[in-house]
Ligand SMILES: [Zn+2]
Ligand SMILES: [Zn+2]
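Residue numbers (this note's numbering): 25 to 291.
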């Protein structure tokens, strides 16, 4: 794909992005982590007896939750990388800024403490955590659904931690082994995302869903739909309008070529 040269990509100022982690955002992170922890302690208390009684349903639900978390991590990452601006009120500083900063300074995440790393994910999974307390547990179907949701909430919580470890030069030994087995996001695999223009390999829990999503060009197709409906250009706040336009055009060309190749295969 013809990608914009490093000179075309215009990032925002790294120091300005880092300074966006204000006292207010930190308080918000503390609130999110505390509320999430209380809700999940109650969920564990509620689900423990049922998990003990139906271990196979529990195991299947945990795996389903992991796959769903990986997909959602990619989807939210794509949303936050591609749309909106750090200048937007509230969500700009609290939710979008970390994604913009991460492309300018990928190692910054390794210097973030526990609160800064995990606050956002606790906030977005607060409502599903509360839902795990309200959903029924009777019958294998409901048990599977509720445990899957609880598993999803736990893996979403761990996603930024897995992501942070994938950027560390020397993660703890046990983490290194999990990365090598590709049970959590491996370092080399996530490097594929960190190349301008940052338009692929978005999933950051395990990274397993990146293979099918990249193969079918899922996110570029979604971007064309959003642009057709709204006229918005993806990534313009992250890499500048010129580079963003070049990427959109290159992706459209790629899609046309792939469709043409499929047609000629059929004939
Ligand atoms: Zn990104
Ligand atoms: Zn990263």
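Virtual Cβ for every residue (Gly too), placed ideally from N, Cα, C.
These numbers were taken from a predicted model, which means no experiment stands behind them.
My output table needs one value for residue i: the three-state DSSP class, helix, strand or coil.
i: residue 224; result: coil
i: residue 110; result: coil
i: residue 272; result: helix
i: residue 240; result: coil
i: residue 261; result: helix
i: residue 133; result: helix
i: residue 116; result: helix
i: residue 25; result: Model confidence at residue 25 stands at a pLDDT of 45, short of 50, so the residue's coordinates are unreliable and nothing is read from them.
i: residue 209; result: coil
i: residue 102; result: helix
i: residue 89; result: helix
i: residue 267; result: helix
i: residue 280; result: helix
i: residue 151; result: helix
i: residue 229; result: coil
Determine whether the beta carbon atoms of residue i and residue j lie at a separation below 8 Å.
i: residue 177; j: residue 64; result: yes
i: residue 223; j: residue 271; result: yes
i: residue 104; j: residue 123; result: yes
i: residue 276; j: residue 241; result: no
i: residue 133; j: residue 191; result: yes
i: residue 143; j: residue 57; result: yes
i: residue 311; j: residue 167; result: Absent from the model: residue 311. The displayed extent of the chain is 25 to 291, so no value can be given.
i: residue 85; j: residue 175; result: yes
i: residue 204; j: residue 210; result: yes
i: residue 93; j: residue 179; result: yes
Decide if residue i is buried, meaning its Cβ has at least 16 other Cβ atoms within 10 Å, or exposed.
i: residue 262; result: buried
i: residue 288; result: exposed
i: residue 273; result: exposed
i: residue 115; result: exposed
i: residue 61; result: exposed
i: residue 233; result: buried
i: residue 196; result: exposed
i: residue 214; result: buried
i: residue 216; result: exposed
i: residue 131; result: exposed
Go to residue i, then tell me how far its alpha helix (DSSP H) extends in each direction, as first and last residue.
i: residue 125; result: 121-128
i: residue 47; result: 47-77
i: residue 140; result: 138-148
i: residue 304; result: No information on residue 304 is available, as it lies outside the stretch 25 to 291 that the chain covers here.
i: residue 291; result: Segment: none, residue 291 is in no alpha helix (DSSP H) and carries neither H nor E.
i: residue 174; result: 163-190
i: residue 159; result: No alpha helix (DSSP H) contains residue 159, which DSSP labels as neither H nor E.
i: residue 198; result: 197-204
Can you find a CB in chain E that lies within less than 8 Å of the CB of residue i?
i: residue 214; result: The displayed structure is made up of one protein chain only, and chain E is not part of it.
- Task: Name all residues in chain order for which at least one heavy atom of ligand 1 lies closer than 7 Å to the residue's CB.
- Result: 101, 105, 123, 126, 127, 217, 222 and 226
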